[in-house]
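Each remark here refers to the structure printed beneath this line.
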Amino acid sequence: MSNLYIKEINLLSFGHFQNKNIKFNEGFNLIYGENESGKSTILDFIEGVFYGFDQGKNKINFSYKREKYRPIGSFKYMGSLILSKNNKDYRVDRNFDDGSYKIYDLKENIEIENKKSRLNYPGEYFLNISYSIYRNIINNQQLQDIDQDSKKKIIDFLKNPSSDLEFSSLKAKENIEDRINKLGSKRAYTKPYAKNLKLLENKNDALRRINKLNDQYYNDLLKLKNQRHKIIQFLEKIKELKNERDQYRKAKANSNYLEEKARKESLNIIERKLKDYSEFYDIDRIYFEKLDELLDESKDFYKNNKSRDIKFLYFIIILMITIFIILKRAYIILAFIIPIIYFLYKKVKNDYKKRNNLINLNIRINNELLKVGAKNKYQYEKKKEKFIEYEKLKIEKEKIIEILNILDKQEKYDKEIDINYKKNIDILKIDKEIEENENELNKLRDLNLKLEKKLALVEDELGKKNDLIEDIKAIKRKLDEIELELRASNLAIKLIESNKDKLGKNKIKLENKISKLIADISNCKYKDLSYDDKLNPLIRTKNNEFIDLNKLSVGFFDQINFALRLSLTENLYNNMFLIFDDAFINYDSFRLRMALLHLLDISNNFQIIYFSCHKREEDILKAEGIDIDIKYMEKI
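Okay, so the sequence shown: first residue is 1 according to the UniProt record's numbering, each after it adds one.
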């Protein structure tokens, strides 16, 4: 039975499969399913667990398969496979997202140490074959040809048979050629030999450049010294100007402080004085103006009414005396008495009304006088004079507050200073002079900084001289080693190529086996089949005529490739699994029957995992009375 076969696969999260487990037996496994049922998904899952999805490369790249089977709606993208090898069970876990994997010995319950950087390591570890051989020999699909890289390995095996194709002489030769290729030549600019030559050239250029830096270095040192001296001069000048400006500002600030202090004292005095005028806190100038108007109104009332009454009375008396003298008749005087009486009545009535108005006016005046604590006009005049003094104090207070507000925003200095500055100093001119000097100083500092950086770099370069000399020696030694290895490698290739070529003998054995298999499958339609040195098929009929390959059917090409793979597998590898995915879709019933019988024959030594979307295989096997394990995708 098979020494290596797949026992089960666990698709934890892969494609449309979630937590699916599929078990296989170690003989012939037929898996039937309609198109798009997931057969290819399982086949690619097995390949992915062993080799990842990076086509045998050790660096993760964009892969169509990786994206094709990425689960939707799940952050997990992983699965595992359990296989048996030499009666021991192993499990391989693979994270398809980043390509990482783990290998476990289930019997010992330990993780097997592996090479994490080699993404295809599990396949190489268990199968002892590269990704290319796996894709071309182990994994069989319809219309599948063998690529050139695999053909080279097969041809080398035929030249120098080995129990392991990966360790054949071609592999040794390829390793040496690969090493030569990695070392490169003078024109392979990305390889070590040319890179070291270029590095040596660069190091020599750097050494020559360092040797030219000395003179410039000492000139720059002298220039740096002069610049530093100028910087000191600028700093002293700026310090002198700022000291003069600061002295002036301190004096002005001290003057502001003293004035603020004096103003605050004056404000305190005025506020104390204002306390003596508390009766005017709610009184303003309008009050006095209105009260003066009332007093004037009262004065005019007395003056106008008294003068008018006297004048009218005098007029009546004079008029009556005049009439009496002229006419000398008493009854005429009586005629005037009635109007006079009426006039006097009206006057009394008006006087009463005016007296009431005067009383009301006086009441208003007295009420207003009481607001300032005055009982008569004399006291009122005194109060008015006092209010004028009160207003003056208020105005003076407002002026002081305004000055204090201005002083509050000014710089103040409250310490005793020795006032020693020029009172007529032009502070704006000094500020401008300070700014100009500082600008020049900054420019000089920038130049100085650049020069210091330049000198620092030069010093670093000069300090590298000894290291450069040692590097040059080391590179020369490295180049000597590479050249020695290249000569030795080329010599080794010549020795390998000088070995006896066994291609012809082994190719005949392979051709005989393939010819027999083709004859069985094609019902002896063709006499024999051979291959040229590049493994291109040469087909001869019963009439000893060679057939033009272009005239062969697609199905027959599939048969040739199947015969070659099957013969190579039996010669190269024993006790391994083989996978077929609709590999015989182009076969007629007779050829399919013969191919299946051959697979059944070798299933004692090889595990066969056979995927099909047709029921022809099942029908043929049942017709032959052969009982095998059949799995249906819809039940998985």
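Cβ coordinates follow ideal geometry from the N, Cα and C atoms, glycine included. Keep in mind it's a predicted model, so treat the numbers as computed, not measured.
Residue i - partner residues in DSSP beta bridges
i, result
"F580", "N140 and Y610"
"N95", "M78"
"residue 672", "Since the first and last residues shown for the chain are 1 and 636, residue 672 lies out of range."
"E279", "Answer is none; E279 lacks a bridge partner."
"Y51", "According to DSSP, Y51 bridges with nothing at all."
"S84", "Y5 and D89"
Residue j beta carbon less than 9 Å from that of residue i
i, j, result
"M78", "D93", "yes"
"S612", "D588", "no"
"I137", "L81", "no"
"Q227", "N448", "yes"
"D89", "R66", "no"
"L370", "N376", "no"
"K252", "E411", "yes"
"L468", "K223", "no"
"F28", "L600", "yes"
"K397", "L274", "yes"
"L119", "Y101", "yes"
"L578", "I609", "yes"
"I482", "L183", "yes"
"I42", "L11", "yes"
"L4", "L106", "no"
"Y378", "L295", "no"
"L455", "Y217", "yes"
"L200", "K476", "yes"
"Y51", "Y104", "no"
"S117", "P71", "no"
"L361", "E260", "no"
"Y287", "K386", "no"
"I425", "L241", "no"
"G373", "E279", "yes"
"E617", "G33", "no"
"I22", "I630", "no"
Opening and closing residue of the alpha helix (DSSP H) in which residue i lies
i, result
"I210", "P192 to L274"
"D627", "Where D627 is concerned, there is no enclosing alpha helix (DSSP H), given that its DSSP letter is neither H nor E."
"P380", "The sequence given here has Tyr at residue 380, not Pro. It spans K377 to D408 - the alpha helix (DSSP H) in which Y380 sits, taken as one unbroken run."
"I427", "I427 to G463"
"L127", "Y121 to L127"
"K68", "Y64 to K68"
The beta strand (DSSP E) enclosing residue i, as first and last residue numbers
i, result
"D588", "Neither: D588 is in no beta strand (DSSP E) and is coded neither H nor E."
DSSP state of residue i mapped onto helix, strand, coil
i, result
"D89", "strand"
"Y632", "strand"
"N10", "strand"
"S298", "helix"
"I103", "strand"
"E108", "coil"
"Y5", "strand"
"D467", "helix"
"residue 639", "Shown here, the chain extends from 1 to 636; a query on residue 639 therefore has no answer."
"K182", "helix"
"D619", "helix"
"E289", "helix"
"A563", "helix"
"A474", "helix"
"I60", "coil"
"E113", "coil"
"H16", "coil"
"L165", "Its pLDDT being 41, under 50, L165 is placed unreliably in this model, and the value from its coordinates should be taken loosely. Correct three-state label for L165: helix."
"S307", "Caution is warranted here: a pLDDT of 49 is assigned to S307, below 50, making its placement in the model unreliable, and no coordinate value can be reported."
"R118", "coil"
"K371", "helix"
"N357", "helix"
"K412", "coil"
"K500", "Bear in mind that the predicted position of K500 carries a pLDDT of just 46, short of 50, making it too unreliable to give a figure here."
Heavy atom of the ligand GTP within 8 Å of residue i beta-carbon
i, result
"T41", "This structure lacks the ligand GTP, and indeed carries no ligand of any kind."
Quick check on the DSSP output: what are the complete alpha helix (DSSP H) runs of length 4 or more inside the segment 18-43, in order along the chain? none
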